[in-house]
Amino acid sequence: MNLPEEFLARMRDELGDDASFEAFVASYDRSPLKGIRLSTAKLTPDEYEHTAEILTGSHNRVPWTSCGYYSENETSGKDPYYHAGIYYPQEPSAMLPAEVLAARPGEIILDLCAAPGGKACRIGEDLKGKGLLVANEINAERSKALNRNIERTGITNCIILNESPENIASKLPVFFDKILIDAPCSGEGMFRRDPRAVTSWKEYGPASICKVQREILDQAVLMLKSGGDIVYSTCTFARVEDEDMIKGFLEEHVDFEIVPHREIDGVTHNDDGSMRIWPHLAEGDGHFCVHLRHKGDKSGSAYDLTPVPSSGSVNIKIKIAMMRYMSELLTADAYDELMRLCDERFVVQGAGLYLVPVDLRLFNGLKMIKSGLFLGEVKTTKTERVFTMSNSLPLALNSNMIREDSLISLERDSDMLIRYLKGETITIDMSGYPQLRRKGVVVIAVDGHPLGLGKIDNGTVKNMYPKAWRLV
518 MNLPEEFLAR
528 MRDELGDDAS
538 FEAFVASYDR
548 SPLKGIRLST
558 AKLTPDEYEH
568 TAEILTGSHN
578 RVPWTSCGYY
588 SENETSGKDP
598 YYHAGIYYPQ
608 EPSAMLPAEV
618 LAARPGEIIL
628 DLCAAPGGKA
638 CRIGEDLKGK
648 GLLVANEINA
658 ERSKALNRNI
668 ERTGITNCII
678 LNESPENIAS
688 KLPVFFDKIL
698 IDAPCSGEGM
708 FRRDPRAVTS
718 WKEYGPASIC
728 KVQREILDQA
738 VLMLKSGGDI
748 VYSTCTFARV
758 EDEDMIKGFL
768 EEHVDFEIVP
778 HREIDGVTHN
788 DDGSMRIWPH
798 LAEGDGHFCV
808 HLRHKGDKSG
818 SAYDLTPVPS
828 SGSVNIKIKI
838 AMMRYMSELL
848 TADAYDELMR
858 LCDERFVVQG
868 AGLYLVPVDL
878 RLFNGLKMIK
888 SGLFLGEVKT
898 TKTERVFTMS
908 NSLPLALNSN
918 MIREDSLISL
928 ERDSDMLIRY
938 LKGETITIDM
948 SGYPQLRRKG
958 VVVIAVDGHP
968 LGLGKIDNGT
978 VKNMYPKAWR
988 LV
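Numbered by this note's numbering, the letters in the sequence shown go through residues 518 to 989 in order.
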């Protein structure tokens with residue numbers, strides 16, 4: 518690979534010896550590694566190995582994460598398991614930061630530079646529906662991909678923002694328990710995967726991005742609770758963006774320290790406690806990661822996060838219309854749980870109905886892309902209110918929450934399933950589904966994992982899969 522001379526000269530100096538430098542340069546001539554991260558929300562650890570073998574042709578684990586596997590196959594957005602949120606294609610090195618962050622249920626966490634969403638999805642899965650994930654992306658176009666990936670994963674307690682760090686810090690000071698900063702960087706770890714990264718590096722270089730990185734770090738400090746954690750990462754090898762950036766940060770913010778982590782195969786630990794994945798020493802494109810902690814005592818929240826459900830007679834009637842619809846789709850236990858959640862978190866925004874994780878008034882003045890779980894919409898006719906379920910909702914359900922007469926589960930390699938994902942009408946042999954209702958809305962699933970909706974009429978299933986999600 519033709520690498521920039523300035524980059525090569527710098528790396529020769531930083532690596533120190535000829536053998537390391539030559540091995541590093543040679544790594545750029547190897548094919549980029551592929552990886553998948555399995556959903557900890559949709560699979561149990563006992564299911565990882567079997568699912569990984571189906572998807573990758575092996576069960577070769579990524580050593581620095583609990584749910585990542587190297588892939589020998591070309592896993593893509595065409596696989597039904599991908600559409601069901603069972604896995605996320607991710608470069609293996611990029612799996613490290615969310616593992617280091619180690620989100621726990623009940624925590625309030627910010628992913629400050631979140632698109633396209635691989636790390637945010639892992640954080641959301643680790644929260645297990647408890648606490649709050651705020652996923653922010655300053656680029657409006659990239660925030661669309663972030664939203665889709667959060668929906669596909671079935672995360673219900675997520676707010677997505679399209680904001681600058683400064684605006685978030687001004688509205689939500691001392692708000693978060695943990696903050697992930699996968700910072701914009703010069704992208705030297707992406708050279709062998711994307712030639713455009715080399716072109717961008719030649720045009721801008723590491724020095725141009727350092728000011729932005731430091732500003733992001735300084736804003737994160739303002740949003741963090743006492744005793745909270747910041748995980749900072751990049752996919753570059755430039756010390757000025759990595760070790761030197763953190764050194765300068767700690768010199769100014771003396772109330773922070775680096776948290777060392779245990780030895781992990783493939784991860785190089787620096788003397789200061791930061792970590793690197795080198796492409797010539799590990800199976801990954803390369804990453805820098807450091808865990809920072811505020812030295813103060815841990816504190817509770819100064820904010821009242823309790824959601825404020827919509828009230829008033831009109832909104833109550835809207836909720837009744839929605840629950841009437843859901844009673845025909847959900848099992849009794851799942852219906853009762855939805856009723857409980859609606860009593861606490863049901864919010865009407867225009868025609869849209871949502872289950873929100875917190876009081877949305879906290880985010881007044883910030884541009885919200887997503888405000889919790891989108892349940893669907895209600896349209897009012899002359900005689901009634903008609904609820905239309907969102908396609909996001911099935912992805913947040915397990916098949917055991919759906920009534921048997923409302924579930925069509927197809928095998929991953931089924932031609933019928935591919936036709937469904939392409940937006941086609943499909944025909945079901947009703948003798949194979951004796952419990953299935955003859956008419957009405959049903960959930961289509963792959964191997965028991967919900968995918969989307971259809972409307973059945975005596976075996977003919979009209980496709981309700983969103984056009985923007987379909988296979989082409």
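Note that the Cβ used here is the ideal one computed from N, Cα and C, for glycine as well.
No experiment lies behind these values; they were computed from the predicted model shown.
Can the beta-carbon of residue i be found less than 8 Å from the beta-carbon of residue j?
{"i": "S923", "j": "L846", "result": "yes"}
{"i": "L644", "j": "I698", "result": "no"}
{"i": "V1057", "j": "H811", "result": "Residue 1057 lies beyond the residue range present for the chain, which begins at 518 and ends at 989; the question has no answer from this structure."}
{"i": "M792", "j": "H770", "result": "no"}
{"i": "S969", "j": "Y982", "result": "According to the sequence as given, residue 969 is Gly; it is not Ser. Contact: yes."}
{"i": "V864", "j": "L883", "result": "no"}
{"i": "S537", "j": "D802", "result": "no"}
{"i": "N664", "j": "I886", "result": "yes"}
{"i": "E654", "j": "A632", "result": "yes"}
{"i": "G635", "j": "Y605", "result": "yes"}
{"i": "I625", "j": "G648", "result": "yes"}
{"i": "G889", "j": "T670", "result": "no"}
{"i": "I696", "j": "L627", "result": "yes"}
{"i": "T568", "j": "I603", "result": "yes"}
{"i": "L879", "j": "K939", "result": "no"}
{"i": "F541", "j": "P796", "result": "yes"}
Are any of the Cβ atoms in chain D nearer than 8 Å to that of residue i?
{"i": "F693", "result": "Absence of chain D from the displayed structure is noted, only one protein chain being present."}
Tell me whether residue i is buried or exposed, calling it buried when 16 or more other Cβ atoms sit within 10 Å of its Cβ.
{"i": "Y599", "result": "buried"}
{"i": "N917", "result": "exposed"}
{"i": "L822", "result": "exposed"}
{"i": "Y586", "result": "buried"}
{"i": "V729", "result": "exposed"}
{"i": "I763", "result": "buried"}
{"i": "N590", "result": "exposed"}
{"i": "V978", "result": "buried"}
{"i": "N980", "result": "buried"}
{"i": "K525", "result": "The displayed chain sequence assigns Leu, not Lys, to residue 525. By the neighbour-count rule (16 or more Cβ atoms within 10 Å), L525 is not buried but exposed."}
{"i": "M839", "result": "buried"}
{"i": "S556", "result": "buried"}
{"i": "R841", "result": "exposed"}
{"i": "H804", "result": "buried"}
{"i": "A985", "result": "exposed"}
{"i": "V959", "result": "buried"}
{"i": "D746", "result": "buried"}
{"i": "V831", "result": "exposed"}
{"i": "Y721", "result": "exposed"}
{"i": "G949", "result": "exposed"}
Quick check on this structure: which residue in the options has the alpha carbon closest to the alpha carbon of residue i?
{"i": "Q607", "options": "A637, P622 and A620", "result": "A637"}
{"i": "G489", "options": "G869, C630, A686 and I640", "result": "Nothing can be reported for residue 489: it is not among the residues displayed for the chain, which extend from 518 to 989."}
{"i": "L629", "options": "A799, S660 and D535", "result": "S660"}
{"i": "E683", "options": "I763, V963, D546 and V738", "result": "V738"}
{"i": "M933", "options": "Y721, L858, V963 and V579", "result": "V963"}
{"i": "P951", "options": "K728, G976 and V579", "result": "G976"}
{"i": "A686", "options": "V651, I973, G706 and R710", "result": "V651"}
{"i": "D711", "options": "G957, K688 and N519", "result": "N519"}
{"i": "R954", "options": "T942, V776, G971 and T898", "result": "G971"}
{"i": "A819", "options": "L525, E668 and S743", "result": "S743"}
{"i": "N787", "options": "D759, H797 and L767", "result": "D759"}
{"i": "L798", "options": "F805, C806 and T785", "result": "T785"}
{"i": "G574", "options": "P614, G552, T716 and S556", "result": "G552"}
{"i": "G704", "options": "F692, V691, G790 and A724", "result": "A724"}
{"i": "P597", "options": "K984, P874, I961 and A985", "result": "I961"}
{"i": "G893", "options": "F904, K899 and T900", "result": "F904"}
{"i": "D814", "options": "G829, A868, D694 and D761", "result": "D694"}
{"i": "L767", "options": "D789, Y937 and T751", "result": "D789"}
{"i": "V875", "options": "S844, S548, G957 and C859", "result": "C859"}
{"i": "T582", "options": "T848, L618 and K559", "result": "L618"}
{"i": "A554", "options": "S681, E570, A851 and M906", "result": "Note that residue 554 is Arg in the sequence shown, not Ala. Nearest C-alpha to R554: E570."}
Using DSSP's beta-bridge definition, name the partner residues of residue i.
{"i": "F904", "result": "V895"}
{"i": "G552", "result": "Y587"}
{"i": "R578", "result": "Y586"}
{"i": "I943", "result": "V978"}
{"i": "A962", "result": "S926 and P967"}
{"i": "T751", "result": "F805"}
{"i": "I696", "result": "L627 and I747"}
{"i": "P606", "result": "I553"}
{"i": "Q952", "result": "In DSSP, Q952 forms no bridge with anything."}
At a cut-off of 7 Å, is residue i close to the ligand SAH when judged by its beta-carbon and the heavy atoms of the ligand?
{"i": "G745", "result": "You won't find the ligand SAH in this model; it holds no ligand whatsoever."}
Exercise. Would you list, in sequence order, the uninterrupted beta strand (DSSP E) runs of no fewer than 3 residues that lie entirely inside the region 798-864?
Key: Within the region 798-864, the complete beta strand (DSSP E) runs of at least 3 residues are 804-811.
Quiz item: In chain order, which continuous runs of the beta strand (DSSP E) of length 3 or greater are located wholly inside the region 763-796?
Solution: Restricting attention to beta strand (DSSP E) runs no shorter than 3 residues, the region 763-796 encloses them at 773-775 and 792-794, ordered along the chain.
Self-check item: Runs of beta strand (DSSP E) lying entirely within the region 623-676, each at least 3 residues, in chain order
Solution: Runs of the beta strand (DSSP E) spanning 3 or more residues and lying entirely within the region 623-676 occur at 625-628 and 649-653, in chain order.
Practice problem: Just list the alpha helix (DSSP H) runs in the region 702-748, keeping only unbroken ones of 4 residues or longer that don't cross its boundaries, in chain order. | Solution: Taking only runs of at least 4 residues, the alpha helix (DSSP H) segments lying wholly in the region 702-748 are 712-720 and 724-740.
Exercise. Tell me the start and end of each unbroken alpha helix (DSSP H) in the region 518-565 that is at least 4 residues and wholly inside, in chain order.
Key: Scanning the region 518-565 from its first residue to its last, the whole alpha helix (DSSP H) runs of 4-plus residues come out as 522-532 and 535-544.
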